Amino acid sequence: MHELMATQEMVRSLLNVCQEKGIEKPLKQVDLEIGELTTYEKEPFHYYYDLLKKEHSLLAESVLSVEMVLGKLHCEDCGSENFISKEIELFCKECGGSNTRIIQGKDIIIKKIEI
Ligand SMILES: [Zn+2]
22 MHELMATQEM VRSLLNVCQE KGIEKPLKQV DLEIGELTTY EKEPFHYYYD
72 LLKKEHSLLA ESVLSVEMVL GKLHCEDCGS ENFISKEIEL FCKECGGSNT
122 RIIQGKDIII KKIEI
C-alpha cells in the first residue's frame, strides 16, 4: 500500500518537471529507476500509475517503464563499492570496515521522459 503514496509523489514531481521544462505535449514514456533499498516493488507502481495518470492530460497516454537498481555501498576506508540488497548490510565486503555510506538504491529517480 505504501507504493500508492510513493507513486502519488512521483506523479507530482513528474508534473513539476513538465512545468519547469515548459512541456505542454502529452508524454509518451516515463522511465523510472527504483532503488532496491526502498523496499518498493515494481508492479504496484505500474498499477497505481495507470490509475493516477488518467487524472492528468499530460500523463494519460504515457507508458511507465521501471528499472530496479541495486543498493550500492561505498567504503571510505578502502574505496571499494559493494552491492547490497538490504540497508542493514553496512560493513564493507572487502575490508570489513564500517566506515561506509550508501550511494545508490535509496531513491526513486525519474530517469527520462519522452514526448
Ligand atoms: Zn572497505
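What the sequence shown shows, in this note's numbering, is residues 22 to 136, in sequence order. Here a beta-carbon is modelled for each residue, glycine too, at the ideal position from N, C-alpha and C. Note that the structure is predicted; figures quoted are calculated from it, not measured.
Identity of the residue in the options nearest residue i by Cα
i, options, result
"residue 66", "27, 93, 99", "27"
"residue 63", "24, 125, 126", "24"
"residue 49", "79, 120, 113, 99", "79"
"residue 57", "136, 107, 134", "107"
"residue 117", "125, 134, 96", "96"
"residue 69", "37, 132, 30, 103", "30"
"residue 45", "113, 73, 98, 77", "77"
"residue 136", "33, 51, 74, 34", "51"
"residue 94", "38, 111, 87, 81", "111"
"residue 86", "73, 133, 119", "133"
"residue 125", "37, 36, 103, 73", "103"
"residue 74", "34, 121, 115", "34"
Whole-number beta carbon distance between residue j and residue i, since they are thought to touch under 8 angstroms
i, j, result
"residue 53", "residue 105", "That belief does not hold up - the Cβ atoms of residue 53 and residue 105 are roughly 21 angstroms apart, past 8 angstroms."
"residue 123", "residue 100", "With a Cβ gap of about 15 angstroms, residue 123 and residue 100 do not count as contacting."
Host alpha helix (DSSP H) of residue i (start-end)
i, result
"residue 41", "23 to 41"
"residue 93", "Taken as a continuous stretch (DSSP letters only), residue 93 belongs to no alpha helix (DSSP H), being part of the beta strand (DSSP E) at 92 to 96."
"residue 64", "63 to 73"
Beta strand (DSSP E) segment containing residue i, residue limits
i, result
"residue 56", "50 to 56"
Q. In chain order, what residues place their C-beta within less than 6 angstroms of a heavy atom belonging to ligand 1?
A. Near ligand 1, meaning a Cβ closer than 6 angstroms to any of its heavy atoms, lie the following residues in chain order: 96, 98, 99, 101, 113, 115, 116, 118.
**Q.** Runs of beta strand (DSSP E) wholly within the region 99 to 131 (minimum 3 residues, chain order)
**A.** Fully enclosed beta strand (DSSP E) runs of no fewer than 3 residues occupy 102 to 105, 121 to 125 of the region 99 to 131, in order along the chain.
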